[in-house]
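Heads up: take any position in the sequence shown, counting from 1, add 8, and you land on the numbering used here.
Virtual Cβ for every residue (Gly too), placed ideally from N, Cα, C.
Only a predicted model underlies this, so the values are computations on that prediction, with no experimental measurement involved.
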Amino acid sequence: MSVHDEDVLRQELAAYKIHYLIKPIILEEFLKVVIPICQSLQFGNQSY
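See the structure below:
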């Protein structure tokens, strides 16, 4: 992962972290969010 991708991921996670601070985090729900983000970053890397 490039530095840019890590920044994007960190921003996405920060947004969801705020959401999950409001309600208890459910690991399954969290993974539903994180996995697609990671996959989209990987596909983005392949296009370069």
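For residue i and residue j, I'd like the C-alpha separation in whole angstroms.
i	j	result
residue 21	residue 10	16 Å
residue 43	residue 24	13 Å
residue 37	residue 19	18 Å
residue 35	residue 41	10 Å
Am I right that residue i and residue j are in contact with their C-beta atoms under 8 Å? What's the rounded C-beta distance?
i	j	result
residue 17	residue 49	6 Å
With a Cβ-Cβ cutoff of 9 Å, do residue i and residue j count as a contact?
i	j	result
residue 52	residue 13	yes
Suppose the cutoff is 8 Å on Cβ atoms and the five residues either side in sequence are ignored; what does the same chain contact list for residue i look like?
i	result
residue 46	17
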